[in-house]
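Student: A single structure is presented below for examination.
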Amino acid sequence: MCGFIGVYQRSPSGFDERSLLTALTTLHHRGPDERSLWHDPAGRAVLGHVRLSIIGLDNGRQPIVADEGDIALVVNGELYDHERIRRELQALGCQFKTDSDSEIALHLYRRSGLAGLKQLRGEFAILLFDRQRRLMLAVRDRMGIKPMFYAQHRGAWYFASEVKALLAAGVPAEWDEHAYASRAFYLRDHTLFKGVKSVQPGCWVMADSGGLHHGRYWDMEFARQDAPDPADEQGMVESIRAAVEQSVRLRLRADVPMGVYLSGGIDSSAMLGVATQLSGQPLDAFNLSFTDMDDYDENKFARLAAEHNGARFHTVAVSQDDLADHFEQALWHNETPFFNAHGVAKYILSETVRDAGMKVVLTGEGADEVFAGYPHFRRDMLLYNPERQDPALVTKLRQRIQESENGYVQPDMPQDIHWMVQQLSHGVSWLDNQAGWFKALEALYRPDFRAQFEGSDPYRQFYDRLDHRNLEGRDPVHKSMYLWAKSYLPNFVLTTLGDRMEMAHSIEGRVPLLDHHVVELACQMPVWMKVRGSTEKYVFREAMRPYLPDALYKRKKHYFRAPPATLQQKGRLYQLVRDVLNGSELDALPFFDPARVRNLLEKLPTLSAHEQGLLDPMLMELTSLCLLQNRYSLRASTSQPLWSAREEAA
3 MCGFIGVYQR SPSGFDERSL LTALTTLHHR GPDERSLWHD PAGRAVLGHV RLSIIGLDNG
63 RQPIVADEGD IALVVNGELY DHERIRRELQ ALGCQFKTDS DSEIALHLYR RSGLAGLKQL
123 RGEFAILLFD RQRRLMLAVR DRMGIKPMFY AQHRGAWYFA SEVKALLAAG VPAEWDEHAY
183 ASRAFYLRDH TLFKGVKSVQ PGCWVMADSG GLHHGRYWDM EFARQDAPDP ADEQGMVESI
243 RAAVEQSVRL RLRADVPMGV YLSGGIDSSA MLGVATQLSG QPLDAFNLSF TDMDDYDENK
303 FARLAAEHNG ARFHTVAVSQ DDLADHFEQA LWHNETPFFN AHGVAKYILS ETVRDAGMKV
363 VLTGEGADEV FAGYPHFRRD MLLYNPERQD PALVTKLRQR IQESENGYVQ PDMPQDIHWM
423 VQQLSHGVSW LDNQAGWFKA LEALYRPDFR AQFEGSDPYR QFYDRLDHRN LEGRDPVHKS
483 MYLWAKSYLP NFVLTTLGDR MEMAHSIEGR VPLLDHHVVE LACQMPVWMK VRGSTEKYVF
543 REAMRPYLPD ALYKRKKHYF RAPPATLQQK GRLYQLVRDV LNGSELDALP FFDPARVRNL
603 LEKLPTLSAH EQGLLDPMLM ELTSLCLLQN RYSLRASTSQ PLWSAREEAA
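Heads up: take any position in the sequence shown, counting from 1, add 2, and you land on the numbering used here.
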């Protein structure tokens with residue numbers, strides 16, 4: 003697991019060595035073990051790399067340059083089953099110079115071009131320079147587990163593992179006001195930084211003498227509605243169990259100590275159970291315990307899973323004061339706003355794991371996305387997709403959710419939400435909920451900002467850029483899952499709760515449940531195997547039953563959330579919110595009317611606890627934006643968009 007920076011320019015010229023070394027310094031947390039810089043002798047490219055050594059400790063230095071000198075590459079991530087691929091390549095005559103798993107990517111590209119990289123399995127971001135063809139190729143893993151960003155600056159194309167490295171290399175730090183207004187930094191491939199985009203999951207980006215090119219090499223393909231209904235339910239359960247076991251087995255390979263993040267839910271508990279069984283030895287399990295509010299603390303369930311597996315159990319107690327003390331630094335690593343402080347808690351957890359001598363952890367992220375574990379997917383099933391369900395139970399559950407529809411689609415919702423419902427022929431619960439939240443946020447906009455972006459229809463922009471072939475003929479729940487996987491999974495879940503907060507302390511997180519073999523198998527299973535009545539993740543739950551204590555097997559979905567700051571107004575986290583929003587950074591922020599925000603802040607103590615809790619995500623985001631502005635010296639955009647209409651359409 004590592005970090006990198008790369009620059010490509012069409013016409014040979016010099017590079018600013020000092021700024022590139024500064025960029026690598028900003029990525030030191032991603033790779034504290036080694037740092038190196040490689041220059042194309044012809045002056046068209048440069049690749050820089052910082053390494054966190056996990057496999058091939060003695061000779062895995064990057065960039066890796068082919069003996070012929072025509073190809074150089076850097077890799078962030080892990081490539082699994084690399085031993086088998088290495089043997090096959092060696093049988094074809096390939097000569098390896100390192101023990102690193104990353105080197106297989108170089109030989110696969112040499113033999114088969116971009117198509118060769120489709121053989122890779124794992125979580126990765128790859129940047130490769132082909133000297134003979136004078137091109138730079140960026141490839142991101144299928145689910146977006148590892149990040150990669152790019153921007154154009156002074157006629158050159160810059161690529162990096164994190165935005166901060168691009169800024170350190172010279173890319174201007176300006177707000178992308180359109181990306182914020184349209185929520186494109188969550189819904190699409192934009193960031194909050196003007197001119198900076200992310201390489202999308204399962205995609206590649208190529209820079210050459212003809213400009214910038216994009217393409218997709220993989221996508222989630224759910225079973226079609228007219229597909230034959232599988233009859234062997236037990237067979238489906240056993241196939242998921244086998245796929246998950248194989249995925250975990252591959253991820254147990256490391257030359258350094260490994261632990262498990264244990265939340266207390268069935269996902270991470272199952273990963274601990276499978277890993278313990280396969281490794282044949284007790285593992286270290288690390289749990290976050292929120293000491294301020296019992297309703298948010300899952301420690302007792304995590305302890306139950308640890309005892310069930312004989313794990314060495316480590317509790318990391320986190321208070322509101324701890325969250326306040328680490329908020330700004332965690333935000334610097336995250337590069338996007340927090341709407342809850344759970345990302346900060348994950349940052350603190352990763353620091354503890356590093357101090358315990360670990361470099362690698364298994365995590366349970368992805369199960370909710372792959373097996374429909376979120377309550378909003380269950381709501382979609384009940385309202386739009388009840389086939390093969392118990393009719394009496396569906397009726398009962400529908401009545402229950404209709405009693406609590408606050409936040410879901412209403413007649414005064416944004417017009418583009420209603421437009422999307424027409425396109426899909428059904429609602430999408432998570433979009434309805436998000437749109438309601440964004441509408442409340444927009445009420446705090448500056449009048450000029452609102453006028454500038456009124457009618458931008460963010461959800462229509464999001465929908466228009468999707469591959470509709472993977473929506474046509476699919477069940478409503480599967481379409482809802484596809485939309486989530488194209489937005490919040492890579493742009494929020496795998497950032498705030500994954501890579502950034504782990505790599506901030508040089509911890510490599512491995513996510514067996516997002517292995518593309520597991521994902522492809524799950525995609526082909528019908529909705530009724532994922533959501534059954536009131537039970538989410540049904541097939542996964544059944545598959546993992548042998549590895550779970552009975553109390554966890556029966557446990558309902560519990561969101562991982564930090565206690566709201568608004569409910570503890572004497573705590574330092576809430577005081578941080580008040581201090582920031584009453585400070586000068588809010589006045590300089592280009593999005594919000596400071597008077598409206600401060601009026602809301604003053605009104606908050608008079609509201610009910612429920613209303614205060616609902617406002618907490620909004621205040622967290624506002625606080626985050628102010629602190630991001632300060633840490634990154636962000637300024638309002640004064641230039642024209644850096645992306646042409648043609649590039650945006652691509």
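All C-beta atoms in this analysis are idealised placements derived from N, C-alpha and C, irrespective of residue type, glycine included. A quick note: this is a predicted structure, and the numbers were derived from the prediction, not measured.
1) Rounded to a whole number of angstroms, what is the C-alpha to C-alpha distance between I128 and V77?
2) I need the straight-line Cα distance from D327 to N336, nearest angstrom please.
3) Locate the alpha helix (DSSP H) running through T278, then write down its first and last residues.
4) So within the stretch 500-579, which uninterrupted alpha helix (DSSP H) runs reach at least 4 residues, ignoring any that extend past its ends?
5) Considering just the uninterrupted stretch of the alpha helix (DSSP H) at G345, what are its terminal residues?
6) Run through DSSP, which three-state label would S104 get?
7) Within 10 Å of its beta-carbon, does M483 have 16 or more other beta-carbons around it, so buried, or fewer, so exposed?
8) Here's the rule: buried if 16 or more other CB atoms are within 10 angstroms of the residue's CB, otherwise exposed. What is Y298?
9) Rank P34, S21, M138 by C-alpha distance to the C-alpha of I73 and give the top, closest one.
10) So what does DSSP say about H428, is it helix, strand or coil?
11) So is L94 buried or exposed if we call it buried at 16+ other beta carbons inside 10 Å?
12) Quick test of the definition: if touching needs 3 or more C-beta pairs under 8 Å, does the stretch 351-363 touch the stretch 253-269?
13) Is P528 near D231, with beta carbons less than 8 Å apart?
14) Could you check the C-alpha separation between D618 and L603 for me, to the nearest Å?
15) Can you check which of these residues, A638, P259, Q134, is closest to D210 by C-alpha distance?
16) Looking only at its chain, what residues have a beta carbon closer than 7 Å to the beta carbon of Y447, apart from the 5 residues adjacent to it on each side?
17) For S104, count neighbouring Cβ atoms within 10 angstroms of its own Cβ and tell me buried if that reaches 16, exposed if not.
18) Quick one: Cα of G409 to Cα of E444, how far?
19) For Q391 and G535, which I take to be in contact (beta-carbon distance under 8 Å), what is that distance rounded to the nearest angstrom?
20) Which partner residues of Q154 appear in the DSSP bridge assignment?
21) Helix, strand or coil for D459 per DSSP?
22) Do you know how far the Cα of Q283 is from the Cα of Y376?
23) Confirm, please, whether the CB-CB distance from D178 to K196 is below 8 Å.
24) Locate the alpha helix (DSSP H) running through T317, then write down its first and last residues.
25) Suppose you measure from the CA of L636 to the CA of G615; what does that come to, to the nearest Å?
26) Quick one: residues in its chain with C-beta nearer than 6 Å to the C-beta of A287, no 5 flanking neighbours on either side, listed in chain order?
27) Expressed to the nearest angstrom, what Euclidean distance is found between the alpha-carbon atoms of L189 and F494?
28) Could you give the distance in angstroms between the alpha-carbon of R633 and the alpha-carbon of L583?
29) Of the residues I268, T317, E504, which one's Cα is nearest the Cα of S32?
30) Would V276 and T293 qualify as a contact pair, given that the criterion is a beta-carbon distance under 8 Å?
31) Taking the continuous beta strand (DSSP E) assigned at L214, which residues delimit it?
32) Could you tell me the alpha carbon to alpha carbon distance between L110 and L119, rounded to whole angstroms?
33) Cutting at 6 Å between CB atoms, please list the residues of its own chain near S291, excluding the five before and the five after it.
34) Reducing DSSP to helix, strand and coil, say where E337 ends up.
35) Could you have a look at G409 and say whether DSSP puts it in helix, strand or coil?
36) Whose CA, out of Q64, D18, E36, D35, lies closest to the CA of G45?
Tutor: Taking the definition as stated:
1) 5 Å
2) Between D327 and N336, the alpha-carbon positions lie close to 16 Å from each other.
3) 268-281
4) 502-505, 518-525, 540-545, 552-555
5) 344-357
6) S104 sits in coil when the DSSP states are folded into three classes, being neither helix nor strand.
7) Buried: at least 16 other Cβ atoms inside 10 Å.
8) buried
9) M138
10) DSSP places H428 outside both helix and strand once states are collapsed to three, so it counts as coil.
11) Flag for L94 reads exposed.
12) Taking 8 Å as the limit for Cβ pairs, the verdict is that the stretch 253-269 does touch the stretch 351-363.
13) yes
14) 10 Å
15) When only C-alpha atoms are compared, the closest one is Q134.
16) F593, F594, D595
17) buried
18) Caution applies to G409, whose pLDDT of 43 falls short of 50 and renders its modelled position unreliable; the value that the coordinates give is listed next. If you take the alpha carbons of G409 and E444, they lie about 15 Å apart.
19) 6 Å
20) W159
21) Look at D459 here: in three-state DSSP terms it is coil, with no helix or strand label.
22) 32 Å
23) yes
24) From DSSP, T317 is part of no alpha helix (DSSP H) but of the beta strand (DSSP E) over 314-320.
25) 29 Å
26) V262, L264, L274, A308, A313, F315
27) 10 Å
28) 15 Å
29) The amino acid at residue 32 is misidentified as Ser; the sequence shows Arg. Per the Cα distances, E504.
30) Taking 8 Å as the Cβ cut-off, V276 and T293 do not qualify as a contacting pair.
31) 213-218
32) Put simply, the backbone Cα of L110 is about 6 Å away from that of L119.
33) Same-chain partners within the cutoff: D299, N301, T317, A319.
34) Reduced to three states, the DSSP call for E337 is coil.
35) Unreliable positioning characterises G409 in this predicted model, as indicated by a pLDDT of 43, which lies under 50. A coordinate reading is not provided.
36) D18
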